[in-house]
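Below is one structure, written out as structure tokens; comments come after it.
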Amino acid sequence: MFDPETIKEQFPVFQQKSPLGEDLIYLDNAATSQKPQSVIDAITNFYAKEYGTVGRSSYWLASETTKRFNGVRAKVQRLLSATHEEEIVFTFGTTDAINKVANSFLRPRLNAGDEVVISEMEHHANLLPWQQICIEKGATLKVIPMLDTGELDYNALEGLLSDKVKLLAVTGISNALGIKNDLSRIIEAAKAFEVPVFIDAAQSLAHEKVDVVSLDCDFLAFSGHKLYGPTGVGVLYGKRERLREMAPLSYGGGIVKNVGFDETSFQDSPNKHEAGTPNIAGVIGLGAAIDFVNEIGYAQIGAHTLEVTDYALGQLEAMEGIRIIGQVEDRAPVISFVMEGVHAHDLSTFLNEKGICIRAGHHCAQPLMNRLNLTATARVSFAIYNTKADIDALITALKETQAFLS
Amino acid sequence: MNDRIKSLYRSHILVNAKDESHQGIIENATHVLEAYNPMCGDKYTLYLKLVDHVIEKATFDGFGCAISKASTAVLIKQIEGKSLEEIKPIVNMFFELVNEESDQAPESLTDDEDLIAFAASREFPERKTCATLSWGELKQIL
Chain A
471 MFDPETIKEQ FPVFQQKSPL GEDLIYLDNA ATSQKPQSVI DAITNFYAKE
521 YGTVGRSSYW LASETTKRFN GVRAKVQRLL SATHEEEIVF TFGTTDAINK
571 VANSFLRPRL NAGDEVVISE MEHHANLLPW QQICIEKGAT LKVIPMLDTG
621 ELDYNALEGL LSDKVKLLAV TGISNALGIK NDLSRIIEAA KAFEVPVFID
671 AAQSLAHEKV DVVSLDCDFL AFSGHKLYGP TGVGVLYGKR ERLREMAPLS
721 YGGGIVKNVG FDETSFQDSP NKHEAGTPNI AGVIGLGAAI DFVNEIGYAQ
771 IGAHTLEVTD YALGQLEAME GIRIIGQVED RAPVISFVME GVHAHDLSTF
821 LNEKGICIRA GHHCAQPLMN RLNLTATARV SFAIYNTKAD IDALITALKE
871 TQAFLS
Chain B
10 MNDRIKSLYR SHILVNAKDE SHQGIIENAT HVLEAYNPMC GDKYTLYLKL
60 VDHVIEKATF DGFGCAISKA STAVLIKQIE GKSLEEIKPI VNMFFELVNE
110 ESDQAPESLT DDEDLIAFAA SREFPERKTC ATLSWGELKQ IL
């Protein structure tokens, strides 16, 4: 029987009180998630007992580490249902992966007059790398608009696609509003024009099974730290032929066959794309995080976080003076809202006093906020360790804040 | 709510955040300053009409949280009618007031309740940028 309280016990951070002696209620999971003991132990044990480098040396520590490192690659491959292990490249996070694809894949293929398509709800990470290369090349960044409900305007997408489009980049889930995009529909539309598709799955992996083969995306990236894993590690999935045809994502040691001063030949993916010593402990930690997720299972994670989200939505909707931003059927466990007459930052400060951690602001999605005529929202986002009791505490604190401030 | 937070949002800050007496635009302003916090999106424009080193008229418009709005409103009220020379020590004192590492008691710095209310941000370092947003912008031209 699944019990979120038992899950919570696996996260040592919840064993402490806030500076004001309150229980910690952590509702900022869309920003980053807390870490279970198993992930912390994996990293600690690795540094304490097993530490060595990867892919370079032949003594026992290094060969054992290389085996474990590539074992995590195989785990990620299964997690994403990717066809080949070499389609999994470790990065330092989603932002790093996007920048690398922008530099290594898009830049050499983009010419003046070409186009790149993104969506109006993109986080700055899935906007700026593409935008800057478009500016550099004299290409145009086109934006899939959003409807007032917060959903993407899929009809408008068709009109944006053409042979001029060299890449379409879109998020799986809006980090600011929790809206899930119909990726299959977007990718199918792009494929009609043979447009390569990049999926920002930073928000998705924590909540739902992602299958890169059935999606048929060309690239997909996610970060370890939103998936109960450590910071500083992420994954770039790329179709084998894409990763083969691309120049190395960055240059340095560990990626070559033969190096001369005039020319160099490179290894195949994934080595070709992982220059320098990687975040080995981060990858080991990511492996433990994937084990943690697999042990519970996406079905259970999805069902539980949906239950908490529905409960929170019901409670918030019943309150006077609360407006939920984005009205959609298919919502990730992320709710953005505004409290009438109370700025989100003031609200966040009040909730902090009660040990409740929420996000307030523009969520690194300024164009989205402009579209909605908002400067800031309060955002709560849930993970496997959140409970209905967390929501009850939130609602009580919101009512107290409202009584005091408005 | 506990006493600590009440002190931050004590009546002075809430009242000043809602005070619209100095909100608006000065068409013939000599100085237009933009106070913007890209981290949170709070944004105010300060309009100053400076005549012979004296701020004859000052207004602001914009939006943001209660703390940034109140601190901007208090700033504008503090500087109107004063010379730049008179304003400098007030601005310096304000930064000392909100400085959590200061060894000076807030009460020793000022007895103006509108100002002293912001000393509460010594206990909320994460909100200090809200309290000092417009003050920092004004400091640039002093």
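Protein sequence lines correspond, in order, to chains A and B.
The numbering used here numbers the first residue of the first sequence as 471 and each following residue consecutively.
The numbering used here numbers the first residue of the second sequence as 10 and each following residue consecutively.
Glycine residues also receive a C-beta, built at the ideal position from the N, C-alpha and C atoms.
At a cut-off of 7 angstroms, the C-beta of glycine 50 of chain B has a neighbouring C-beta in chain A. Taking C-beta atoms under 8 angstroms as the contact rule, isoleucine 495 of chain A and isoleucine 826 of chain A qualify, at a distance of about 5 angstroms. From the beta-carbon of alanine 846 of chain A, the residues of chain B found nearer than 7 angstroms are Cys49 and Gly50.
Rounded to whole angstroms, the Cβ separation of threonine 561 of chain A and leucine 706 of chain A is 5 angstroms, and the two are in contact under 8 angstroms.
Among the residues facing chain B, threonine 561 of chain A is not included, as its CB has no counterpart in that chain under 7 angstroms away. Boundaries of the alpha helix (DSSP H) harbouring histidine 815 of chain A: 814 to 823, taken from the DSSP string.
Around the beta carbon of glutamine 547 of chain A, 16 or more other beta carbons lie within 10 angstroms, which makes this residue buried.
Judged by beta-carbon spacing, threonine 619 of chain A lies within the 7 angstroms limit of valine 798 of chain A, meaning their Cβ atoms are closer than that value.
Per DSSP, reduced to three states, the secondary structure at serine 806 of chain A is strand. In this chain, the beta strand (DSSP E) harbouring glutamate 585 of chain A covers 585 to 589.
Taking C-beta atoms as the reference points, isoleucine 35 of chain B and lysine 58 of chain B count as a pair closer than 7 angstroms. Taken atom to atom, the span from the alpha-carbon of glutamate 585 of chain A to that of valine 559 of chain A is near 26 angstroms. Residue burial is scored here from C-beta neighbours: glutamate 715 of chain A has fewer than 16 other C-beta atoms within 10 angstroms and is therefore classed as exposed. Residue state for isoleucine 794 of chain A is assigned as strand, using DSSP reduced to three classes. Each residue's CA atom was taken as its position, placing isoleucine 669 of chain A and proline 700 of chain A some 21 angstroms apart.
Around the beta-carbon of aspartate 860 of chain A, 16 or more other beta-carbon atoms lie within 10 Å, marking it buried. Taking a contact to require three or more Cβ pairs closer than 8 angstroms, the stretch 850 to 869 of chain A and the stretch 38 to 48 of chain B do not qualify as touching. Taking a Cβ-Cβ threshold of 8 angstroms, none of the residues of chain A is close to arginine 131 of chain B; the smallest such distance is about 14 angstroms. Taking 7 angstroms as the cut-off, the beta carbon of histidine 62 of chain B is found no closer than this to the beta carbon of leucine 84 of chain B.
For aspartate 120 of chain B, the three-state secondary structure derived from DSSP is coil. Cβ proximity to chain B below 7 angstroms picks out His813, His815, Asp816, Thr819, Phe820, Glu823, Gly831 and His832 from the stretch 812 to 832 of chain A. Proximity of phenylalanine 72 of chain B to chain A, defined by a Cβ-Cβ separation below 7 angstroms, is satisfied. With 16 or more other Cβ atoms inside 10 Å of its own Cβ, valine 571 of chain A counts as buried. In the three-state DSSP reduction, methionine 616 of chain A falls in the strand class (E or B). Contacts with chain A at 7 angstroms (Cβ-Cβ) do not include alanine 82 of chain B. Inclusion of alanine 532 of chain A and serine 851 of chain A in the CB contact set at 7 angstroms is not warranted, their separation being larger than that value.
At least 7 angstroms separates the beta-carbon of arginine 655 of chain A from that of tyrosine 698 of chain A.
With three or more CB-CB distances shorter than 8 angstroms, the stretch 624 to 637 of chain A counts as touching the stretch 651 to 666 of chain A. In terms of Cα proximity to glutamate 520 of chain A, the closest of A:Ser528, A:Glu534 and A:Ile588 is A:Glu534. Residue environment: histidine 743 of chain A is assigned as buried (16 or more neighbouring CB atoms within 10 Å of its CB, all protein chains considered).
Setting aside the 5 residues that flank it on each side, alanine 853 of chain A is surrounded in the same chain by Asn499 and Ser503, each with a C-beta closer than 6 angstroms to its C-beta; the list follows chain order. Under the three-state reduction of DSSP output, valine 665 of chain A falls in the coil class, being neither helix nor strand.
At least one beta carbon of chain A lies nearer than 7 angstroms to the beta carbon of alanine 75 of chain B. The DSSP assignment places 829 to 831 and 847 to 851 as complete runs of the beta strand (DSSP E) inside the stretch 821 to 867 of chain A, in order along the chain (cut-off: 3 residues). For alanine 67 of chain B, the three-state secondary structure derived from DSSP is strand. Counting the other CB atoms within 10 Å of its CB gives aspartate 780 of chain A a total below 16, which places it among the exposed residues.
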